[in-house]
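Residue numbers (the numbering used here), protein chains in the order written: chain Z, 1 to 328; chain C, 1 to 328; chain F, 1 to 328.
For every residue, glycine included, the Cβ atom is placed at its ideal position computed from N, Cα and C.
Since this is a predicted model, take the numbers as computed values, not measurements.
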């Protein structure tokens, strides 16, 4: 299962300083890599770890060439992290075990679903009527794609994903709730990855839309009629309420939330846990998190927080009084 | 698949101004509706959208009759949003594709489970022994209903729902945890809807109870021995810890939390993301969310927040000093 | 299905005051227990409930002996809550219904997976190639254990659990994301319990590790290369980002979060909902939650919070001015 350094640079480019025939048995972090492993350094602040690493070869940026040269074989790449990403893909490809059927026999596929002949549908998946699954798309085990939902090409859906459950649509009536049937579907573009147990609801009238290249981590909730722009990435447990529109190239931190019907511009970055309560029209980095503290300190500050507005009023009064004193 | 305006008002009431024979091909929002669509206006603030809409027919409140008349066919209903909800249901009913078996052959139903003959059990569901599923209840695909759990009539459980997993019960013992077997079950009333991948744990000794008409969105966690009162609705990713009791007609926002053993009165509304840390005995609207800001401003304010209590003390001291100056 | 008091103390120890032949039909809380039930009192503050309880027998601490004696049969145990936990286990064992096959025929087990002959694999589980499941471990229904992941002995995985989905690894490149294949796996120790729909991601290069005795509630997200120390417990909807290391004997409250690459010492307790944004090296109790309030009060305080830093500056200025006045 080994790969030679020469094969790596032949496949991925980069400039190798070292023996093309040297054999690599695994990929490993700098700190734990041994002679049989290749590693990488993407951040100059780990320079010390580079010197100490026992890795058989390291991938480095041009600026690290000299430091790398002191310790053995290395590959120079303009973006070592990207190079490393591609190396993991090469590794996966060369180490792929022969796969079984493209459509696992335990999957439940409606005869009126359309599955591209190159798609892979894992064990115990459900693909309902009218659904379409694009070329080279992979559904791991236990994924549900509901009626009429569309998944593009080269997508990867992890176990437990639910595409196209009903959005949460209710009209109040005499103290009870009347269901609004969700007549839209979900449309997912190309190159989208969706993490385990993440849910994307179908639209009420029109479709929920996930554009090309979007990456969603695990346990994320996407409400009905949300639209997520190209190449936006969202970390685990994020939640987007109905009819929100999120731009392209955004990053939404883990556990962050977006209220319904808001608009978020392109290139907006939301910190973990923060709740977006108003539309954001300017690119930038936004945060709203209560700082963690030891519990005793938190209790004091949290209690005072409930008087914050009145503290401001008291400060104002005091300022006024002091100013008057000055004048008098 | 079209429906005529006359058929709509025959089924749902309302006052039609327009041609009973006019054919409707779809339901659509005002902004995107074309001649072949019916739309609705529930909020007078969207009056402008009404005027601009190309919809073939709109559902409006009596107060909007004149505005609606300027643009074509319309139906007057006392509550247009409710009327629209019922129209989605009519639409779904008239457009239903013939369903396959009531119990999908891939579902795993214990012989000692009791399934009402009108219930529908979707693909790859699991219904364990002693469980009971009521009349006209629908389990979509990949739902688990564990031992002895009871689901009422006309319920709708979306994919990935887990009813009756063990509650999180542990007794500490010499640095480790001893499991408390969860001997209760889950009892769910009638007309309850439960969103995708939502979990409702079985009780420790007695049952976890979800009363009639409760609506739960996706990815919600309901701990053991929780009780949720009638017609309470909870948005996505909310979480209720063990033994909390939530009243009837409450709304719990998305990502909100309720600590264990608390009681929340009827008609309480909790904002998204807020954590309920004490019992709430008065109806009303409650919130606890750190306001989002651009990250630089947040950093300053969050850092200062850690000194809030001491700021209050300093303010107090200053007030005292100023007051003394006044007196002297 | 009844059990006699004598059988209980024979199995679990403790000192019985009462009739060994007295029959117990159920376990129940003090408040609702009837003559046929056994209950327990773990917290002296519920002393009143003890006096009022109709339970046929109660488990109490030595200090409660006299109060218990006033009302009927009782068992004295040094730790009544622990005794009660063990009683639930005894109850479960004596009431176990005969189980069907160890491996449910609907489960999809790869021929290259290794399942201990004493393990139980529930309906519609997926165990992929290279995975190993230890002795006496139970996978309830609809659990996925992905390629090469290892589960120890005596573990309990609830429905919908996903072990070994890909971690969220992406390298940015020209505005898009390049996938980092996740080449590590997940290693789970002995006596670990994992709640419904919880996800534990596989490592990027090395493994994600869950040590012995860890207890995870429902809907928890554990990122790639996280390590969780022995006997740490985490409540529902908690989330731990990639490469975080959490010590032993910690408790992480529900909905709490831990950012990536942080280290948390042993014996750290994080309150519900709090976000850990920096490493914690000292045992203790940490909190960061915006206190809930009625919405009107919250609005005022939250608005003022955005000026908190400038309020501090104004206070400083005022202090300086007042001090100067004093001096002059």
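DSSP beta-bridge partners of residue i
| i | result |
| --- | --- |
| residue 221 of chain Z | Z/199, Z/239 |
| residue 115 of chain F | F/133 |
| residue 91 of chain C | Residue 91 of chain C is not bridged to any residue. |
| residue 156 of chain Z | Z/138, Z/193 |
| residue 4 of chain C | C/23 |
| residue 226 of chain C | In the DSSP output, where bridge partners are listed per residue, residue 226 of chain C has none listed. |
| residue 179 of chain C | C/170 |
| residue 215 of chain Z | Z/193, Z/233 |
| residue 263 of chain Z | Z/245 |
| residue 82 of chain C | DSSP, once it has assigned bridges, lists no residue as partnering residue 82 of chain C. |
| residue 57 of chain C | C/38, C/73 |
| residue 165 of chain F | F/201 |
| residue 102 of chain Z | BP columns for residue 102 of chain Z are empty, so no partner. |
| residue 257 of chain F | F/239, F/275 |
Proximity test, Cβ basis, 8 angstroms: residue i and chain Z
| i | result |
| --- | --- |
| residue 331 of chain C | Residue numbering for chain C in the displayed model covers 1 to 328; residue 331 of chain C lies beyond these limits and cannot be assessed. |
| residue 288 of chain F | yes |
| residue 279 of chain F | no |
| residue 92 of chain F | no |
| residue 181 of chain F | yes |
| residue 7 of chain F | no |
Closer than 7 angstroms at the beta carbon, the chain C residues around residue i
| i | result |
| --- | --- |
| residue 329 of chain F | As displayed, chain F neither begins before 1 nor continues past 328, which places residue 329 of chain F out of reach and without an answer. |
Inter-residue Cα distance where the pair is residue i and residue j
| i | j | result |
| --- | --- | --- |
| residue 103 of chain C | residue 135 of chain Z | 32 angstroms |
| residue 279 of chain Z | residue 291 of chain C | 13 angstroms |
| residue 69 of chain Z | residue 251 of chain Z | 36 angstroms |
| residue 272 of chain Z | residue 223 of chain F | 14 angstroms |
| residue 111 of chain Z | residue 96 of chain C | 17 angstroms |
| residue 159 of chain F | residue 83 of chain F | 28 angstroms |
| residue 268 of chain Z | residue 11 of chain Z | 35 angstroms |
| residue 276 of chain Z | residue 312 of chain F | 26 angstroms |
| residue 89 of chain C | residue 249 of chain Z | 38 angstroms |
| residue 71 of chain C | residue 19 of chain C | 14 angstroms |
| residue 174 of chain C | residue 231 of chain F | 10 angstroms |
| residue 156 of chain Z | residue 185 of chain Z | 19 angstroms |
| residue 310 of chain Z | residue 321 of chain F | 22 angstroms |
| residue 274 of chain F | residue 195 of chain Z | 24 angstroms |
| residue 178 of chain Z | residue 192 of chain C | 11 angstroms |
Neighbouring residues, chain Z, relative to residue i (Cβ below 7 angstroms)
| i | result |
| --- | --- |
| residue 81 of chain C | 171 |
| residue 324 of chain C | Ordered by position in chain Z, no residue passes the 7 angstroms Cβ test against residue 324 of chain C, which lies about 12 angstroms from the chain. |
| residue 257 of chain C | Correct list: empty, because the minimum Cβ distance to chain Z is about 12 angstroms. |
Partner residues on chain C for residue i, Cβ-Cβ distance less than 9 angstroms
| i | result |
| --- | --- |
| residue 295 of chain F | 269, 271, 284, 285, 286, 287 |
Interface partners of residue i on chain D, CB under 7 angstroms
| i | result |
| --- | --- |
| residue 86 of chain Z | Any reference to chain D falls outside this structure, whose protein chains are Z, C and F. |
Any chain C beta carbon closer than 8 angstroms to residue i
| i | result |
| --- | --- |
| residue 321 of chain Z | yes |
| residue 263 of chain F | no |
| residue 106 of chain F | yes |
8 angstroms Cβ cut-off: residues of chain F touching residue i
| i | result |
| --- | --- |
| residue 218 of chain C | Chain F residues near residue 218 of chain C: none, gap ~11 angstroms exceeds 8 angstroms. |
| residue 97 of chain Z | 129 |
Interface residues of chain Z facing residue i [CB-CB closer than 8 angstroms]
| i | result |
| --- | --- |
| residue 291 of chain F | 302, 303, 305, 306 |
Short CB-CB distance (under 8 angstroms) between residue i and chain F
| i | result |
| --- | --- |
| residue 34 of chain Z | no |
| residue 203 of chain C | no |
| residue 254 of chain Z | yes |
Under 7 angstroms by beta carbon: chain F residues contacting residue i
| i | result |
| --- | --- |
| residue 211 of chain C | Simply none; closest approach about 18 angstroms. |
| residue 274 of chain C | 292 |
Proximal residues of chain Z, C-beta to C-beta of residue i below 9 angstroms
| i | result |
| --- | --- |
| residue 175 of chain F | 213, 230, 231, 248, 249 |
Distance cut-off 7 angstroms: residue i Cβ against heavy atoms of the ligand GTP
| i | result |
| --- | --- |
| residue 203 of chain F | For the ligand GTP, the structure offers nothing, since it holds no ligand at all. |
Exercise. Return the residues of the region 306 to 317 of chain F that lie within a Cβ-Cβ distance of less than 7 angstroms from chain C, sorted by chain order.
Key: 306, 308, 309, 312, 315
Practice problem: Mind checking the region 150 to 169 of chain Z against chain C and listing, in chain order, the residues whose C-beta falls within less than 7 angstroms of any C-beta there? | Solution: 160, 162, 165, 166, 168
Quiz item: Of all the residues that make up the region 220 to 252 of chain C, which are near chain Z by a beta-carbon distance shorter than 7 angstroms?
Solution: 231, 233, 235, 236, 237, 249
Quiz prompt | Members of the region 183 to 201 of chain Z near chain F, C-beta cut-off 8 angstroms | solution = 191, 193, 195, 196, 197
Quiz item: Which residues, in order along the region 13 to 30 of chain C, keep a beta-carbon less than 7 angstroms from a beta-carbon of chain Z?
Solution: 27, 28, 29
Exercise. Closer than 8 angstroms, Cβ to Cβ, to anything on chain Z: give me those residues from the region 44 to 72 of chain F, in chain order.
Key: So the list is empty, because no residue satisfies the distance condition.
Quiz item: the region 111 to 125 of chain Z: which residues have C-beta closer than 8 angstroms to a C-beta of chain F, in chain order?
Solution: 122, 123, 124
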